[in-house]
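J.: One structure, pasted below without further comment.
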Amino acid sequence: MDSDNQTATNGKNGYDLPRSVGIIYSEVKREYFPTEAQYITEKDAENDAKLVSKYLELLGIKVLLYRGDNDLPEILRKDKPELVINLVDSVKGVESLSSSIPGVLELLDVPYTGADILGLSLGYNKFLVKKLLQQNGIPIPNYQLFNTPSDFIDSTLRYPLISKLNEIHGAVEITKDAVSETEKHLIERLKFLIGTYKQPVLVEEFIVGREITAILLEGLNKKVYLAEKIFNKPDEKYIFATFEDQWVEGHEDAYAYARYEDPILKEYVKKAFDFTKMYDYGKFDVRLDQSGRYFFIDANCNPSFGPKEADAAISTILDLYGISFPEILKRLLLNTMRDSQGKERLPAPS
Numbered sequence: 001m002d003s004d005n006q007t008a009t010n011g012k013n014g015y016d017l018p019r020s021v022g023i024i025y026s027e028v029k030r031e032y033f034p035t036e037a038q039y040i041t042e043k044d045a046e047n048d049a050k051l052v053s054k055y056l057e058l059l060g061i062k063v064l065l066y067r068g069d070n071d072l073p074e075i076l077r078k079d080k081p082e083l084v085i086n087l088v089d090s091v092k093g094v095e096s097l098s099s100s101i102p103g104v105l106e107l108l109d110v111p112y113t114g115a116d117i118l119g120l121s122l123g124y125n126k127f128l129v130k131k132l133l134q135q136n137g138i139p140i141p142n143y144q145l146f147n148t149p150s151d152f153i154d155s156t157l158r159y160p161l162i163s164k165l166n167e168i169h170g171a172v173e174i175t176k177d178a179v180s181e182t183e184k185h186l187i188e189r190l191k192f193l194i195g196t197y198k199q200p201v202l203v204e205e206f207i208v209g210r211e212i213t214a215i216l217l218e219g220l221n222k223k224v225y226l227a228e229k230i231f232n233k234p235d236e237k238y239i240f241a242t243f244e245d246q247w248v249e250g251h252e253d254a255y256a257y258a259r260y261e262d263p264i265l266k267e268y269v270k271k272a273f274d275f276t277k278m279y280d281y282g283k284f285d286v287r288l289d290q291s292g293r294y295f296f297i298d299a300n301c302n303p304s305f306g307p308k309e310a311d312a313a314i315s316t317i318l319d320l321y322g323i324s325f326p327e328i329l330k331r332l333l334l335n336t337m338r339d340s341q342g343k344e345r346l347p348a349p350s
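Start counting the sequence shown at 1; every next residue gets the next number (UniProt numbering).
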């Protein structure tokens, strides 16, 4: 069994599990979202929170469920949970507004899991995350941010290029049509994305090769767990995880995870976690090209959190290492309790 996990399970770090835990989840209404695709990524928020609550109850913890809406501050002030698990991905359909949730919790002095205001604000601006990683020596593909479809295209960018919404995660609009081989296709893609979602678009060079997902989970120290996506797409020209692979019924056959080991990549992940101001847990997607070079293509603070049956990458990957979801929960709760009794979160190393 993983040594950090053993510590969390036995409670040998001098901290007990909380007696009451609140779970805050996104308030989801179809009218909040510009497209059905974005709505799909959040429509099960309440059910996912209830699933996590069942595992907490098995640990003997009283669970309180909260929607991330206007009533949240008043209800939290009345209930006074010892700790909160923050599962909010958007407020009123806007992902960047989810940083308001830790703001409320800070004002009420309620300990919480995951990133703070700064970490979440950064996490929902992929361009800024790219800049932070680039400035600190983490390898990334060449990229450009487009505010309008008519922006000048950097001549150093090499096709094929993949287009991503700058402020939305969940693989929204990461379809087969996301990869452009020509300037004409790219411009049409930019027109659609910017016109539909009213936000900038991040365009980066598509890295042909293997894809590795990295999960970092904090305990008494930072532990990184790596898994390669093994795709079942032998006939496709560009192989990557699309929106359909992650959200459409039957997607489970698109790829599977296999354990992957490389101490060099683990060190990159630890640095990336600190530089992007994540806390407790985080997820990174990395491409490995045919020359053996790594490229970080995505970073997620507060990634999807839940057991394997919720199809959460954190549980699926850690299960490969013999770590169950209850054990993940214990480590997360103990880590947050330890931080809260220290009264402040330690800054990332410079």
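Note that beta-carbon positions come from the ideal geometry of N, C-alpha and C, so glycine has one too.
The structure presented is a predicted model; accordingly, all values stated were derived computationally and were not measured.
Would you mind reading off the limits of the alpha helix (DSSP H) that contains Asn86?
T.: Here Asn86 belongs to no alpha helix (DSSP H); instead the beta strand (DSSP E) covers Leu83 to Asn86.
J.: Which of the three DSSP states, helix, strand or coil, is assigned to Arg338?
T.: helix
J.: If you drop the 5 nearest sequence neighbours on each side, which residues of the same chain put their C-beta closer than 7 Å to that of Tyr32?
T.: Lys92 and Gly93
J.: Among Gln144, Ile314 and Lys131, which one has its Cα closest to the Cα of residue 398?
T.: The question about residue 398 has no answer here: the residues shown for the chain are numbered 1 through 350.
J.: Per the contact definition of three or more C-beta pairs closer than 8 Å, is the region 40-60 in contact with the region 292-307?
T.: Touching, yes, given that three or more Cβ pairs across the two stretches are closer than 8 Å.
J.: Whose C-alpha, out of Ser90, Glu236 and Ile23, is nearest the C-alpha of Lys176?
T.: Glu236
J.: If I'm right that Asn142 touches Glu181 with Cβ under 8 Å, what's the distance once you round it to whole angstroms?
T.: Not confirmed; about 16 Å, so no contact.
J.: Work out the CA separation of Arg158 and Asp280 for me, nearest whole Å.
T.: Going from the Cα of Asp280 to the Cα of Arg158 covers about 36 Å.
J.: Counting C-beta neighbours from all protein chains within 10 Å, is the total for Ile207 16 or more, i.e. buried, or is it exposed?
T.: Buried.
J.: Spatial neighbours of Met278 within its chain, please: CB distance less than 6 Å, with the 5 preceding and 5 following residues excluded, ordered by chain position.
T.: Within the same chain, and ignoring the five residues on either side of Met278 in sequence, the residues whose Cβ sits closer than 6 Å to its Cβ are Ala115, Gly119 and Cys301.
J.: Considering only residues of the same chain and omitting the five flanking positions on each side of Gly209, which have a CB-CB separation below 8 Å?
T.: Cβ neighbours of Gly209 beyond the five flanking positions: Arg287, Leu288, Asp289 and Gln290.
J.: From the DSSP output, which residues share a beta bridge with Ser53?
T.: According to DSSP, Ser53 bridges with nothing at all.
J.: State the DSSP-derived secondary structure class of Asn47, mapped to helix, strand or coil.
T.: helix
J.: Which residue's Cα is closest to the Cα of Ile138: Ala312, Asn221, Phe231 and Phe275?
T.: Phe275
J.: Could you check what DSSP says for Phe295 in three-state terms: helix, strand or coil?
T.: It is a strand residue.
J.: Does DSSP classify Ile162 as helix, strand or coil?
T.: strand
J.: Just reading off the beta strand (DSSP E) that Thr196 is part of, what are its end residues?
T.: In this chain, Thr196 is not harboured by any beta strand (DSSP E); it is covered by the alpha helix (DSSP H) spanning Glu183 to Tyr197.
J.: Taking the C-alpha atoms as reference points, what is the distance between Asp16 and Ala241?
T.: Cα-Cα distance, rounded: 39 Å.
J.: For Lys270, I'd like the list of residues in its chain whose CB is within less than 6 Å of its CB, leaving aside the five on either flank, ordered along the chain.
T.: Lys222
J.: So, are the CB atoms of Glu42 and Ser26 less than 7 Å apart?
T.: In this structure, Glu42 sits near Ser26, with a CB-CB distance shorter than 7 Å.
J.: Per DSSP, what are the beta-bridge partners of Glu204 in this structure?
T.: According to DSSP, Glu204 bridges with Tyr143 and Ile162.
J.: Looking at Val110: is its Cβ nearer than 7 Å to the Cβ of Val88?
T.: no
J.: Kindly indicate which residue of Asp319, Lys229, His169 and Tyr39 has the alpha-carbon position closest to the one of Ser96.
T.: His169
J.: Should Lys131 and Ile140 be called a contact, given that it needs their Cβ atoms to be closer than 7 Å?
T.: no
J.: Might you give, ordered along the chain, the residues of its own chain that have their beta carbon closer than 8 Å to the beta carbon of Asp253, omitting 5 neighbours on each side?
T.: Asn232
J.: Short of 6 Å in beta carbon distance, which residues of its chain neighbour Glu211, apart from the five on each side in sequence? Order them along the chain.
T.: Lys229 and Arg287
J.: Could you spell out the range, first to last residue, of the alpha helix (DSSP H) harbouring Leu76?
T.: Leu72 to Asp79
J.: Tell me the rounded alpha-carbon separation between Tyr39 and Leu108.
T.: 30 Å
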